[in-house]
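S.K.: The structure under discussion is supplied below as structure tokens; questions concerning it will follow.
Residue numbers (the numbering used here): 222 to 545.
The following block contains the structure:
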């Protein structure tokens, strides 16, 4: 018994020593940061901002690797297949870890089993805008109008199955409104048709919509976040304006391939948390109507599970299908 205890003690000490050594030496080489969308967009901007600061914090280059396609699926699949050695990060979001797993029938990755959560970075509530010709100056008035004219009010999205689409379907589900979806191939054509009055409502990026609101071409009536945006504090949330419990939007976080070393995950989470809380990054994000969040790996894992459950319910309720 004493000999068995001795060998167990030696094994435990060796494991702890190896773990400590990995924690102290990590990272020992450049880290690849996979982004499932093209350069120049919001996701890419967030990744490059975090990557630049992580490079400074770790002393190793963080290399952004854009893998766009299939609504984020191509990049997510590449990340899921990567070696779980702590040297591949993936920029997860509502598409890859909330919507696509519930919407696409043939998905080659599991958003929970194939990844380990590291940290939530930030959330980006959507701005609710209407065409000025629509007699709705508040959320309550929009709900009343949509109920009085079922199937007659159209809303635009920048693509079927995206966050701007499902945000309105969540709104319809929670309010009993019946606004009709008109999908477009991207934000630009959707915004053009909205300004022209061909569609009346849109829930979309605040950064894209605010210039049109300031020009008087659109009317902003609410934000979709849990609290008011510091960038536009005068605009109420949907929840406080008449739909208690309503909250949605885009979000950004870091995950790694499942089985990655825990010391690496903890180090990345610690560094990302410090970066997100820094005054420089907070100010840059807030100016883009993005809210810094941060958090632990466990908190982010819980967030992902909550998002998966929420969008599964919305997709079933709205009977949304987009094929494989």
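Here a beta-carbon is modelled for each residue, glycine too, at the ideal position from N, C-alpha and C.
Counting only runs that start and end within the region 234-322, where is the beta strand (DSSP E) found for 3 or more residues in a row?
M.R.: 252-256, 283-287 and 309-314
S.K.: I need the straight-line Cα distance from residue 535 to residue 245, nearest angstrom please.
M.R.: The residue labelled residue 535 in the question sits at position 314 within the chain shown. The residue labelled residue 245 in the question sits at position 24 within the chain shown. Going by the C-alpha atoms only, they are around 45 Å apart.
S.K.: Just confirm the distance between the C-beta atoms of residue 464 and residue 343, as a whole number of angstroms; I'd bet it's less than 8 Å.
M.R.: As a first step, residue 464 is located in the chain shown; it is residue number 243 there, counting from the start. As a first step, residue 343 is located in the chain shown; it is residue number 122 there, counting from the start. Contact doesn't hold; Cβ gap of about 23 Å is too wide.
S.K.: So, with DSSP's three-state summary, where would you put residue 444?
M.R.: One-based indexing of the chain shown puts residue 444 at position 223. Looking at residue 444 - three-state DSSP - the assignment turns out to be strand.
S.K.: Under 9 Å, do residue 529 and residue 318 count as touching if we go by C-beta distance?
M.R.: Here residue 529 corresponds to residue number 308 of the chain shown, with the count starting at 1. Here residue 318 corresponds to residue number 97 of the chain shown, with the count starting at 1. Yes, the pair counts as a contact, with Cβ atoms nearer than the cut-off.
S.K.: Report the option in 396, 353 and 419 whose CA atom is closest to the CA atom of residue 378.
M.R.: Position 157 of the chain shown, counting from 1, holds the residue named residue 378. Cα-wise, what sits closest to residue 378 is 419.
S.K.: On a CA-only basis, which of 475, 293 and 313 is nearest residue 325? Give me that one, please.
M.R.: On the chain shown, residue 325 is found 104 positions in, with the first residue counted as 1. That would be 293, whose Cα lies nearest to the Cα of residue 325.
S.K.: From residue 392 to residue 398, what does the alpha carbon distance come to, in whole angstroms?
M.R.: Taking the first residue of the chain shown as position 1, residue 392 is located at position 171. Taking the first residue of the chain shown as position 1, residue 398 is located at position 177. Answer to the nearest angstrom: the Cα atoms are 8 Å apart.
S.K.: Residue 403 by DSSP, collapsed to three states: which one?
M.R.: Translated into positions along the chain shown, residue 403 becomes position 182. Residue 403 falls in the strand class under three-state DSSP.
S.K.: Within the continuous beta strand (DSSP E) that includes residue 337, where are the two ends?
M.R.: Taking the chain shown and counting its residues from 1, one reaches residue 337 at position 116. Its beta strand (DSSP E) spans residues 336-345.
S.K.: Please report the residue range of the alpha helix (DSSP H) in which residue 428 lies.
M.R.: Residue mapping note: residue 428 aligns to position 207 of the chain shown, counting from 1. From DSSP, the alpha helix (DSSP H) with residue 428 extends over 427-435.
S.K.: Since residue 356 contacts residue 366 with CB under 8 Å, what's their CB separation in whole angstroms?
M.R.: Locating residue 356 in the chain shown gives position 135, where the first residue counts as 1. Locating residue 366 in the chain shown gives position 145, where the first residue counts as 1. Rounded, the Cβ-Cβ distance is 7 Å, consistent with contact.
S.K.: Taking all protein chains shown into account, do 16 or more other C-beta atoms lie within 10 angstroms of the C-beta of residue 411, making it buried, or fewer, making it exposed?
M.R.: The count along the chain shown starts at 1 and reaches residue 411 at position 190. By the neighbour-count criterion, in which a residue is buried when 16 or more other Cβ atoms sit within 10 angstroms of its Cβ, residue 411 is buried.
S.K.: Examine the Cβ distances between the region 454-471 and the region 286-301 and report whether three or more of them are shorter than 8 Å.
M.R.: no
S.K.: What does residue 469 pair with, by DSSP beta-bridge criteria?
M.R.: For this step, residue 469 is matched to residue 248 along the chain shown. Residue 469 pairs with nothing; no bridge assigned.
S.K.: Within its chain, find whatever has a CB closer than 6 Å to the CB of residue 439; leave out the 5 residues flanking it on each side and keep chain order.
M.R.: Along the chain shown, one-based indexing puts residue 439 at 218. The answer, listed in chain order, is 350 and 433.
S.K.: May I ask you to report which of helix, strand or coil DSSP gives residue 415?
M.R.: Here residue 415 is taken as the residue at index 194 of the chain shown, counted from 1. In the structure shown, residue 415 sits in a helix (DSSP, three-state: H, G or I).
S.K.: Quick check: the Cα distance between residue 403 and residue 332, rounded to an integer number of angstroms?
M.R.: Your numbering for residue 403 matches position 182 in the chain shown. Your numbering for residue 332 matches position 111 in the chain shown. Taking the straight line from one Cα to the other gives about 29 Å.
S.K.: Excluding the 5 residues flanking residue 532 on each side, which residues of the same chain have their C-beta closer than 7 Å to its C-beta?
M.R.: The residue you call residue 532 lines up with position 311 of the chain shown. Around residue 532: 319, 320, 323 and 387.
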